[in-house]
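**Student:** Residue numbers (this note's numbering): 28 to 126.
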Amino acid sequence: MQERRTAERIRTNLVARWEGLLTAGRGAISDLSTTGCFVLSGGRVDTGELVRLEIQFADRISLVWGEVVYAIAEMGFALRFAFASTDEELALAKAISSV
28 MQERRTAERI
38 RTNLVARWEG
48 LLTAGRGAIS
58 DLSTTGCFVL
68 SGGRVDTGEL
78 VRLEIQFADR
88 ISLVWGEVVY
98 AIAEMGFALR
108 FAFASTDEEL
118 ALAKAISSV
């Protein structure tokens with residue numbers, strides 16, 4: 028299987044809160060890059076769903092939107108970030124570099 032990820036990933040354990048169309052929950056970010064992340068959470072989301080995600084870094088809370096790429100029941104889901112502007116993308120990249 029060919030690796031499709033283009034951005035460098037880091038292993039993390041960051042506290043997160045998320046809101047989907049019908050559900051919301053808390054979780055932990057276990058894998059993070061400038062293009063997406065994996066959220067450990069028992070909450071239910073569907074592939075293609077748009078999710079609002081708050082990531083708690085040591086010095087700030089970052090708010091990002093993402094599309095669910097895939098979900099694993101009772102384990103978590105992968106998000107691909109959907110940035111509204113370059114400024115949002117740069118702000119997240121700066122926060123990630125502080126981890």
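Even for Gly, the Cβ is constructed at its ideal location relative to N, Cα and C.
Rounded to whole angstroms, how far is the Cβ of Asp58 from the Cβ of Phe65, which I believe are closer than 8 Å?
**Tutor:** Within the sequence shown, residue 58 is the residue found at index 31, counting from 1. Within the sequence shown, residue 65 is the residue found at index 38, counting from 1. Asp58 to Phe65, Cβ: 4 Å. Contact.
**Student:** Which partner residues of Glu94 appear in the DSSP bridge assignment?
**Tutor:** The residue you call residue 94 lines up with position 67 of the sequence shown. Leu77 and Arg107.
**Student:** Going by the DSSP bridge assignment, what does Phe65 pair with across the sheet?
**Tutor:** In the sequence shown, the residue the question calls residue 65 occupies position 38. Phe65 is bridged to Asp58 and Ala105.
**Student:** From which residue to which residue does the beta strand (DSSP E) around Ala43 run?
**Tutor:** For the purposes of this step, residue 43 is taken as residue 16 along the sequence shown, with counting starting at 1. Element bounds for Ala43: Ile37 to Glu46.
**Student:** To the nearest angstrom, report how far apart Leu90 and Ala43 are at their CA atoms.
**Tutor:** Taking the first residue of the sequence shown as position 1, residue 90 is located at position 63. Taking the first residue of the sequence shown as position 1, residue 43 is located at position 16. Between Leu90 and Ala43, the C-alpha separation is close to 10 Å.
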